[in-house]
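This report concerns only the one structure given below.
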Amino acid sequence: MYIQLNDEQKMLRDEVRRFADEVVKPIAKETDEKGIFPTDVIRQAGEMGLTGVAVPEEWGGAGMDVISYCIVVEEISRVCGSTGVILSVNNSLVCDPIMKFGNDEQKELFLKPLAAGEKLGCFALTEPGAGSDAAALRTTARRDGDDYVLNGNKVFITNGTHADVAIVFASVDLALGHKGITAFLVPAEIDGYSHGIHEYKLGVNGSGTTELAFEDMRIPAAFRLGEEGEGFKVAMSTLDGGRIGIASQAVGIAQGAFEEAVQYAKEREQFGKPISSFQAIQHYLADMSTELDAARLLTWKAAWTKMNRKRFTLEAAQAKLYSSEMAQRVTNLAVQIHGGYGYIREYNVERYFRDARITEIYEGTSEIQKMVIANWVLNQG
Amino acid sequence: MSELTFELNEEQQLLREEVRRFAVERIRPGTAERDKNHEFPKDIIAEMAEMGLLGMMVPEAYDGAEMDVLTYAIAVEELATVCPSVAVTMSVTNSVCCWPIQEFGSDEVKEAVLPELAAGGAIGGFGLTEPGSGSDAGSMKTVARLEGDEWVIDGEKAWITNGAYGKYFVVLARTSPGKGTQGISAIVVPSDAPGFRVGGSEEKMGLKASNTTALYFDSCRVPASYLLGEEGKGFRIAMATLDHSRVGIAAQSVGIHQRALELAVSYAKERVQFGVPIAKHQAIQFKIASMATELAAARTLTYYAASRGHSPEAGRLASQAKLYASEAANRACWEALQIHGGNGFCEDYEIARLYRDVRITTIYEGTSEMQRMVIARHLTR
Chain A
163 MYIQLNDEQK MLRDEVRRFA DEVVKPIAKE TDEKGIFPTD VIRQAGEMGL
213 TGVAVPEEWG GAGMDVISYC IVVEEISRVC GSTGVILSVN NSLVCDPIMK
263 FGNDEQKELF LKPLAAGEKL GCFALTEPGA GSDAAALRTT ARRDGDDYVL
313 NGNKVFITNG THADVAIVFA SVDLALGHKG ITAFLVPAEI DGYSHGIHEY
363 KLGVNGSGTT ELAFEDMRIP AAFRLGEEGE GFKVAMSTLD GGRIGIASQA
413 VGIAQGAFEE AVQYAKEREQ FGKPISSFQA IQHYLADMST ELDAARLLTW
463 KAAWTKMNRK RFTLEAAQAK LYSSEMAQRV TNLAVQIHGG YGYIREYNVE
513 RYFRDARITE IYEGTSEIQK MVIANWVLNQ G
Chain Y
22 MSELTFELNE EQQLLREEVR RFAVERIRPG TAERDKNHEF PKDIIAEMAE
72 MGLLGMMVPE AYDGAEMDVL TYAIAVEELA TVCPSVAVTM SVTNSVCCWP
122 IQEFGSDEVK EAVLPELAAG GAIGGFGLTE PGSGSDAGSM KTVARLEGDE
172 WVIDGEKAWI TNGAYGKYFV VLARTSPGKG TQGISAIVVP SDAPGFRVGG
222 SEEKMGLKAS NTTALYFDSC RVPASYLLGE EGKGFRIAMA TLDHSRVGIA
272 AQSVGIHQRA LELAVSYAKE RVQFGVPIAK HQAIQFKIAS MATELAAART
322 LTYYAASRGH SPEAGRLASQ AKLYASEAAN RACWEALQIH GGNGFCEDYE
372 IARLYRDVRI TTIYEGTSEM QRMVIARHLT R
């Protein structure tokens, strides 16, 4: 047991923190308020290797480890939850499955530009009628010669308004249930592909969330990711990794809110002294810091388990469940410590509070995480 | 430079196996009976002394096992899964008696008492709390004055674990009146010192097989060389000792939490209601998922604090671990009892005892409220 970052990881953290403070933070408020996708920030992040952190260098990535990936998402989310999830999705929901299930041609064509930040990806699983019950999706893929023809609709797709590539899940035979689900690599410029307008959301409002529609969209069979019927496995194993990203995002959002709360508590005077000298406020801060440390450790533990090629489904679900719920509690207390100012848009904590809310929902709700964990503890422990 | 790892080293894994085997084979068969009869586990403690479990961190030069804090915490955890009373008897001897003596004692006192504590079967205690001085330890009334080459102690200590069975106690007493916490000193008191007397055993809600008494000092005389550190440094020694020992209580909490989860899981799988094992019901599954997740968080925080024992943050980390682990263990026992329904309220079921035993963990060696004060002090200074 040795839980300290190595020199490379520390340098990365410092570098990303500087980038976050100098480049991402100044536009974070506007990104959120106007729902502007931070195209320029993502381009710069790509140049720094943040769009494919754990992808090997030969495939366009930064060739770092999963802990480093956690650090990147945390540090970015510490100033902007929207940018945090954009990067998390590109890294873990798009690059990861191509790395794991793609062949060399697919890696050359799709992974290289995605990891290098030249292209942006999105992950199209959810549908209007298929959220937690992903296997109930209705998008179809009909084999036609050397192609597949896809029809259907996807919703709540992060990066959807700006993605160049989508990983799309569709069924080759609805009667087969989850065994018919197949994953495809879809270039956004292909005929029959379209995306909707930016959804105006409660939080992470700059993440380009939208609907996708596929109308007789013809995809070469060579763009099928994995085998026919293997898509559900691709989706589930991808989400295991994605959960580490969202856990890191939650830790970052909470860390940002916590730092603002400590600062504010030291400066704000009431009853003739800084409110940080009152026990009620001190105890809030103590709980916040304790839960933050616990969440970060659980997240790193999941990342470490993944890095060591062990099964990490349980660890990822626990990290995601705990970190997201922690972020909700911590950002809530940060608003409370700020009092009325915490409710005003001028202060960052109201944004953190709104951004934290989604972490309990996407990439598997808290309820789905509990189902995964309970199954593990009751049946496989 | 070492790489981050969540894996225990070989010594730690071996010790866990050894303690677990001993606990299951030798301790568990009598746990319920000793609880019922308030019977102190004398024979078991003697066997543990032979195994080196009472002086785990004592240097080999004084017959100790010279293991690290994490290894010690793992031993406490394993004992607590089987019997929290045995665990606290052992942890008090190790961390609030041996530890301050080995860290701050003169060669004379170390030679006189450590080998006996570490390997001779003697157990020890820590005399800080008084009837009027709990969280506000600095307000203690017990006094000591130097007469020739002896300390003469007068006063009274309350709720002292191992009181009736301890051979040596680290006692805090005021040596310079009017100087507040700067006037307190730490002195080792053998139970056969003239003027030392033990009160009756307390009737407690839980930990009934551990021994808790008052200690009385009536012109009690001990050698001058039994002073720990310098005169007036006792309060700092006490605080450093508690920073250190809180990891042990965190580990005890983790062990209780682990057992509560095991009991809940096995009961939920066996108990049939509405025609199916209650483990099939989502409400029960989600309780188990939450217990398991909080257990992972508590254990990771505890091991992290233990592994970072020499860092400047050690005090904050120990308090965070103790705060979180004790409160999580209380929640876990509450939920585990709830899962047991009416059976859980009957003493035939182990969860009833655990529910009583766990309650003290948020109180002793610093209440949750004191942990929050310690943590907040680190955050707002």
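Residue numbers (this note's numbering), protein chains in the order written: chain A, 163 to 543; chain Y, 22 to 402. We put the beta carbon where it would ideally sit given N, CA and C, even for glycine.
Neighbourhood of residue i by C-beta, 7 Å cutoff - its chain only, sequence neighbours within 5 removed
i	result
PHE199(A)	THR323, HIS324, GLY368, GLY370
GLN33(Y)	LEU91, THR92, ILE95
VAL130(Y)	ILE122, VAL209, SER246, TYR247
THR467(A)	PHE474, GLU477
Residue i, DSSP secondary structure in three states
i	result
TYR137(A)	Lying before the first or after the last residue shown, residue 137(A) is absent from chain A, which here runs from 163 to 543.
THR301(A)	coil
VAL134(Y)	helix
HIS403(Y)	Outside the displayed span of chain Y (22 to 402) sits residue 403(Y), for which this structure offers no information.
LYS229(Y)	coil
PHE190(Y)	strand
ASN252(A)	helix
TYR362(A)	coil
ASP239(Y)	strand
ALA353(Y)	helix
CYS232(A)	helix
Proximal residues of chain Y, C-beta to C-beta of residue i below 9 Å
i	result
ILE165(A)	LEU25, THR26, PHE27, THR321, TYR324, TYR325, SER328, ARG329
ASP194(A)	What ASP194(A) touches in chain Y: nothing, since even the nearest Cβ is about 27 Å away.
ASN168(A)	MET22, SER23, GLU24, LEU25
ASP378(A)	Under the 9 Å cutoff, chain Y gives no residues; its nearest Cβ is about 41 Å from ASP378(A).
Contact with chain Y by residue i, beta-carbon distance below 7 Å
i	result
GLN268(A)	no
GLN444(A)	yes
ILE535(A)	yes
VAL424(A)	yes
GLN480(A)	yes
TRP221(A)	no
LEU174(A)	no
GLU435(A)	Residue identity differs from the one stated: residue 435(A) is Lys in this sequence, not Glu. Judged by the 7 Å Cβ criterion, LYS435(A) is not in contact with chain Y.
TYR484(A)	yes
SER438(A)	yes
Beta-carbon neighbours of residue i, restricted to chain A and to distances below 9 Å
i	result
LEU344(Y)	ALA448, ASP449, THR452
LEU91(Y)	MET163
SER200(Y)	The sequence given here has Lys at residue 200(Y), not Ser. Those within 9 Å of LYS200(Y) in chain A number zero; the least Cβ separation is about 25 Å.
Residues near residue i by beta carbon distance below 6 Å, same chain, minus five either side
i	result
GLU368(Y)	none
ILE437(A)	ALA427, ARG430, ILE443
SER333(A)	THR302, GLY342, ILE343
ALA481(A)	ALA409, LEU460, THR461, ALA464
CB-CB length for residue i against residue j, believed under 8 Å
i	j	result
ARG337(Y)	HIS399(Y)	4 Å
SER212(Y)	LYS188(Y)	5 Å
ILE309(Y)	ALA272(Y)	The Cβ separation is near 22 Å, so there is no contact.
SER266(Y)	VAL117(Y)	5 Å
ALA278(A)	GLY208(A)	6 Å
THR323(Y)	ALA346(Y)	5 Å
HIS340(A)	PHE394(A)	4 Å
MET163(A)	GLN306(Y)	The Cβ separation is near 30 Å, so there is no contact.
ILE165(A)	MET469(A)	Their Cβ separation, rounded to whole angstroms, is 14 Å, which puts ILE165(A) and MET469(A) out of contact at 8 Å.
ALA339(Y)	ASP264(Y)	5 Å
ARG380(Y)	ASN351(Y)	7 Å
ARG513(A)	LEU364(A)	Not quite, the Cβ-Cβ distance comes to about 11 Å (not below 8 Å), so this is no contact.
ALA214(Y)	LEU193(Y)	About 16 Å; that fails the 8 Å criterion.
is_contact[residue i, chain A] using C-beta, thresh 7 Å
i	result
PHE307(Y)	yes
THR163(Y)	no
ARG42(Y)	no
ARG393(Y)	yes
THR314(Y)	yes
GLN359(Y)	no
ALA143(Y)	no
Within chain A, partners of residue i - CB distance below 7 Å
i	result
ILE396(Y)	ALA448, SER451, THR452
ALA317(Y)	LEU460, GLN480
ALA300(Y)	LEU540
Chain Y residues whose Cβ lies nearer than 8 Å to that of residue i
i	result
VAL497(A)	Those do not exist, as VAL497(A) stays about 18 Å from chain Y at its closest Cβ, beyond 8 Å.
VAL539(A)	LEU282, VAL286, ILE309, ALA310, ALA313
ALA427(A)	THR401
Partner residues on chain B for residue i, Cβ-Cβ distance less than 7 Å
i	result
ASP455(A)	Within the model displayed, chain B is absent; protein chains A and Y are what it includes.
Own chain residues within Cβ distance below 8 Å of residue i, not counting five before or after
i	result
SER389(Y)	LEU344, SER347, GLU348, THR383
Residue i Cβ short of 6 Å to the ligand FMN heavy atom set
i	result
ILE258(Y)	In the structure on display, the ligand FMN does not appear, and there are no ligands present to speak of.
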